[in-house]
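Structure record follows, encoded as structure tokens.
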Amino acid sequence: MKELLSLLKQNARLSNADLAAMLGRSEETVAAQIAEMEEQGVIRGYSVIVDEELADRDAVTAYIELKITPQPDCGFDELARTISGFSAVESVTLMSGGYDLGITITGTSLRDIASFVAQRLATLDGVLSTRTHFVLKRYKEKGILIQEEPGDERGVYL
3 MKELLSLLKQ
13 NARLSNADLA
23 AMLGRSEETV
33 AAQIAEMEEQ
43 GVIRGYSVIV
53 DEELADRDAV
63 TAYIELKITP
73 QPDCGFDELA
83 RTISGFSAVE
93 SVTLMSGGYD
103 LGITITGTSL
113 RDIASFVAQR
123 LATLDGVLST
133 RTHFVLKRYK
143 EKGILIQEEP
153 GDERGVYL
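Start counting at 1 in the sequence shown, then tack on 2, and there's your number in this note's numbering.
Next comes the structure, spelled out in structure tokens:
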């Protein structure tokens with residue numbers, strides 16, 4: 003199962019026949035394993051890795067850290083679910099360290115993200131503070147190189 007998941011993480015567009023050949027299994031076995039993992043919730047969906055700079059030069063991505071007060075009976079879960087419901091939010095993770103939740107969002111401008119933080123996140127009950135980091139350039143995402151710099155053909159001579 004781990005080998006199959008690893009191949010799907012690298013390229014979810016591989017056909018069952020390709021996966022079967024790579025794993026030395028039958029196509030039917032691979033299809034059944036994928037269906038079982040989808041049914042069990044191991045596989046939650048399929049996505050594409052986009053070079054946002056080429057697709058939308060105006061897109062701005064930010065990582066936001068939140069310090070929050072855990073709620074009785076549900077800890078961090080209820081606030082995390084609330085934040086997950088915002089359409090601008092791409093991911094929400096519970097993390098260790100000085101902040102409790104990590105959030106990834108994409109907007110159309112720095113002002114758009116600042117407004118989201120000030121009006122949507124900071125006003126939620128239980129949010130103590132936020133820290134926002136803006137993505138300046140992506141190099142690699144989910145194991146895939148985003149921007150490969152052309153090699154310098156001049157070389158280095160000493």
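Glycine included, each C-beta is placed from N, C-alpha and C at the ideal position.
Since the model is a prediction, treat every value here as computed from it, not as a measurement.
A33 and G100 have their C-alpha atoms roughly 43 Å apart.
Going by C-alpha positions, D114 is about 28 Å away from I146.
The alpha-carbon of T84 is positioned some 17 Å away from that of Y65. In this structure, the beta-carbon distance from G109 to V52 does not fall below 8 Å. Secondary structure of R83 (DSSP, three-state): helix.
In the three-state DSSP reduction, S131 falls in the strand class (E or B).
Distance from the Cα of D79 is smallest, within the candidate group G26, V137, A19, G128, for G128.
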